[in-house]
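Those letters in the sequence shown? Residues 1 to 289, by the working numbering.
Glycine residues also receive a C-beta, built at the ideal position from the N, C-alpha and C atoms.
Taking it in order: structure first as structure tokens, then the write-up.
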Amino acid sequence: MSIALKQVFNKDKTFRPKRKFEPGTQRFELHKRAQASLNSGVDLKAAVQLPSGEDQNDWVAVHVVDFFNRINLIYGTICEFCTERTCPVMSGGPKYEYRWQDDLKYKKPTALPAPQYMNLLMDWIEVQINNEEIFPTCVGVPFPKNFLQICKKILCRLFRVFVHVYIHHFDRVIVMGAEAHVNTCYKHFYYFVTEMNLIDRKELEPLQYPLPPALTANCIQNCDHAASVSGLNLPTGKMRESSPEEWLRNCGPGEHTGSAAALGKASRALRGRLFLVWSGHIPSLTASV
């Protein structure tokens, strides 16, 4: 997956310098092991499980840094389209607003433009992962007692980058032909944080599936309209409650599909619309800290 990401995204647009592991350390070996599993095509759910005999904190530290690098790469590629004009508030659609709070300038949860929020977020994470008292690199130096709590906060905030990119900038991802890579990165992230219980389920709701019970007839009608415009037949019945991947795999050509290339483009556009549908019918949430 890392090779594919580098091929799709412009490494010169990485939002922040990439954090690397020191060769010869246990964490470097864990990182190589994790990457080897991903590149071998192993099931992502299996890849995120703590290897037998390994320290949980080391495993979490490796993934936190790796996700920071990957999400940096994703956001860095679309950041020129994420401006104070296009994104005056850091949000995930009309239902979710994310407010910034830290121990420095913003003592209270504060609504900020998305690019400003992202800058503060990445600065804050860099401080955490470069702090030897939190992420020790020397052999034998223990992790702090609150290490997992700090990582939970980092991962929770990184998840919000996914939310914002999916809901507000997925069209740019589609233009790059990178939706499969972003989806794989997100699935890797999702499986890891749920396997290790590092993000509260409430925080994951903006991109949750299966479809929530509160899905309205109007929402279904809009989705069917998007499908008809795209020349696709959406599955019905229980398949409506499936994951985005299962739903799209079961989409077939409509009566007026046009060329295969046009159908592929329509399918990618529909995929983006479906993510908007899934994220837009969940109870309102204003998140901070």
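Its Cα nearest to that of leucine 155, the residue Ile129 stands out among Lys108, Glu54, Lys145, Ile129. In the displayed model, tyrosine 117 falls within a helix according to three-state DSSP. Within 10 angstroms of the beta-carbon of cysteine 79 lie 16 or more other beta-carbons, which makes it buried. The stretch 137-157 makes no contact with the stretch 104-112, as fewer than three CB pairs between them are under 8 Å. Only residues of its own chain outside the window of five on either side were considered, and among them Ile74, Tyr75, Ile78, Val173, Val182 have a CB closer than 8 Å to the CB of valine 165, listed in chain order. When beta bridges are read from the DSSP output, serine 91 appears opposite Glu97. No Cβ-Cβ contact shorter than 8 Å links proline 88 with proline 51. Cβ contact annotation for valine 193 (same chain, cutoff 7 Å, sequence separation greater than five): Leu155, Ile199, in chain order. Cβ neighbours of methionine 196 within its own chain (closer than 7 Å, five residues either side excluded): Val60. When the alpha-carbon of methionine 118 is set against those of Arg99, Leu104, Asn131, Val65, the nearest one is in Arg99.
Rounded to whole angstroms, methionine 90 and leucine 204 show a C-alpha spacing of 16 Å.
Annotation: the continuous alpha helix (DSSP H) that includes tyrosine 191 extends over 179-195. Ranked by how close their Cα comes to the Cα of glutamine 56, the residues Val127, Phe143, Asn72, Leu158 have Phe143 in first place. Cβ contact annotation for arginine 70 (same chain, cutoff 6 Å, sequence separation greater than five): Cys185, in chain order. Buried is the label assigned to aspartate 66, since at least 16 other Cβ atoms lie within 10 Å of its Cβ. Residue environment for glycine 92: buried (at least 16 other C-beta atoms within 10 angstroms of its C-beta). Annotated as proximal: valine 163 and tyrosine 96, with beta-carbon spacing under 8 Å. Separation of alanine 47 and glycine 53 (C-alpha to C-alpha, rounded to the nearest whole angstrom) is 15 Å.
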